[in-house]
Structures are given as C-alpha cells and as structure tokens.
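**Q** By full-length UniProt numbering, the letter at position 200 of the sequence shown is numbered 200, and the numbering carries on one by one without gaps.
Ideal Cβ positions, reconstructed from N, Cα and C, are used throughout, including at glycine.
Here it is, the structure, as structure tokens.
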Amino acid sequence: MAESLISMLINLAVVVLIAALVYNHYKSRVAAPEERYSTFWPRFLSPFIDGAILWPVTSLLPVIIYDVLPAAYITVNVFVTLFFYGYSIYFHGNFGGTIGKLKCGIRVVDAKTERPIGMPQAFLRDAVPLLLSVALYVVAFTQTGVSHFEESIYISWVPMVMGLWFLAEIVTMLTNDKRRALHDFIAGTVVIRPTPEELDIKRESRLEQAS
C-alpha cells in the first residue's frame, strides 16, 4: 500500500501543478466574441482542476478500502463511477459546467437557445459513458461473482471502451464549427465562452432565485 500511496501522491502533485497553471491562465482571461466557440483547449485542460478536486474520492479512497477490505472491489468501483458522473451531472445541470469548466471560463448551454441547461440535458451528456461503464460492471459481476470480480476481462475493457469514446468525442469536436462533441449532439448542447455581460446576467438570475 505504501508504494501505491507514494505513486498516487506523485501523480497528485503533477495534477495539482497543472491545475494551478490552468487556473492561473484562465482566471482573468476574457474571451473575444469571435472566440465564443473556441473551447477545445479549456475543455481539454479543465479536467485537471476537477481531477485535483475529486482525487480524495476517486483515487485515495479506493486504495485505502482495497487494502483494508479487498472484497469491496466491486462496490468501490461502482461507487467511484457513480460519484464521478453524479458530480458532472449535478454541476452541469445546476451551474452550466463542472468546477474545472467554470474556472476555465466555459459554460454548457442549450444548442438552439444558448440558455442554461437543466438536469435532463446534463444527464444525457454523460449517459453513454455512464451506462457503458455500469453495463460492463454488471456483466463482469454476473460472469465471475464478487470473489473474482477484479479478474474479469470485462473490467479491463472499461478503460479501453472509455478511451475509444473519448477519441470519438475529440474527432467529432474537431470536425464542426461550434466544437460540439458526440455528447453535445446527444444532449442538444454546446460549450461556449460567455461574455462578461452574460456572466453578470446569470449571477443576477441566481441571486434573484436565491432570494
């Protein structure tokens, strides 16, 4: 376990360093009107900020639990998967983006109206990778049971399938003017770099709703 923790701490240090650089780059940057749909790089870099924030749950917690209770492998994997996508869906549905996206100055909006999205569209954005992951876990469990769950070939397919999905997303994003990825077409969304005026309007709207 000690070696795993050391390796994870090194990885965390790298992620935090990159996240800090990304945040520092975008924190005071205002996008010009012609950059409204130029979202590739902030979308590519924002996961470093989210990764640093989610690290205790998605990376540290599984290692600790595996060491103490190896039989909980399937439970931890499913929990981490649901937690990760739950975080993404909640923040997209309520704030227009994860913390990483917000700090990088981008927002997810409806593709037709460019108004804020709700939970249904937020869910659709993550539906394919979420359901694929859960399906592979279910197949692995029914094939091997709890005791040999981690040995199932289907578990090794999860990162491969997610990698192929990510590649398809990148290709799609680079082949249209508004940089919409596959999940944007599925959910009817688009990622934009809003103007300061739009951000002020959204802040005022939230304050009114809160009051």
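Report, in whole angstroms, the separation of the C-beta atoms of arginine 193 and alanine 31, which I expect to be a contact under 8 Å.
**A** By one-based count along the sequence shown, residue 193 stands at place 193. By one-based count along the sequence shown, residue 31 stands at place 31. About 4 Å; that satisfies the 8 Å criterion.
**Q** Measure the CB-CB distance between valine 76 and isoleucine 65 and report whether it falls below 9 Å.
**A** Position 76 of the sequence shown, counting from 1, holds the residue named residue 76. Position 65 of the sequence shown, counting from 1, holds the residue named residue 65. In this structure, isoleucine 65 lies closer than 9 Å to valine 76 by Cβ.
**Q** Check each candidate in Tyr85, Gly188, Arg36 and Val22 and name the one with the smallest Cα separation from threonine 113.
**A** Walking along the sequence shown from the start, residue 113 turns up at place 113. Checked all of Tyr85, Gly188, Arg36 and Val22; the closest Cα to threonine 113 is Gly188.
**Q** Taking the alpha carbon of proline 42 as the point to measure from, which residue in Gly97, Glu197 and Ala127 has its own alpha carbon closest?
**A** The count along the sequence shown starts at 1 and reaches residue 42 at position 42. The shortest Cα separation from proline 42 among Gly97, Glu197 and Ala127 belongs to Gly97.
**Q** List the residues that DSSP assigns as beta-bridge partners of valine 109.
**A** For the purposes of this step, residue 109 is taken as residue 109 along the sequence shown, with counting starting at 1. BP columns for valine 109 point to Pro116 and Val190.
**Q** Since valine 128 and isoleucine 186 should fall inside the 8 Å C-beta cutoff, what is the C-beta to C-beta distance between them, to a whole number of angstroms?
**A** Taking the sequence shown and counting its residues from 1, the one referred to as residue 128 is at position 128. Taking the sequence shown and counting its residues from 1, the one referred to as residue 186 is at position 186. The Cβ separation is near 7 Å, so the contact holds.
**Q** Between the Cα of leucine 49 and the Cα atoms of Ala111, Arg36, His183 and Cys104, which residue gives the shortest distance?
**A** Reading the sequence shown from its first residue, position 49 is the one you call residue 49. For the record, residue 49 in the displayed sequence is isoleucine; it is not leucine. Measuring from the Cα of isoleucine 49, the nearest candidate turns out to be Cys104.
**Q** In whole angstroms, give me the CA-to-CA distance for valine 191 and serine 28.
**A** As a first step, residue 191 must be located in the sequence shown, where it is residue number 191. As a first step, residue 28 must be located in the sequence shown, where it is residue number 28. Rounded to the nearest angstrom, the two C-alpha atoms are 19 Å apart.
**Q** I'd like the list of long-range same chain contacts for alanine 168, defined as Cβ closer than 7 Å, with 5 residues on each side in sequence excluded.
**A** In the sequence shown, counting from the first residue as 1, residue 168 sits at position 168. Contacts found: Leu182.
**Q** Thinking isoleucine 89 and phenylalanine 123 are a contact (beta carbons under 8 Å), I'd like their distance in whole angstroms, please.
**A** Along the sequence shown, read from residue 1 onward, the residue named residue 89 stands at position 89. Along the sequence shown, read from residue 1 onward, the residue named residue 123 stands at position 123. Sure, about 5 Å apart at Cβ, within 8 Å.
**Q** Spatial neighbours of aspartate 126 within its chain, please: C-beta separation below 6 Å, excluding the five flanking residues on both sides.
**A** Residue numbering aside, residue 126 sits at position 126 when the sequence shown is read from its first letter. Closer than 6 Å at the Cβ level, and outside the excluded window around aspartate 126, lie Tyr85, Ser88 and Ile89.
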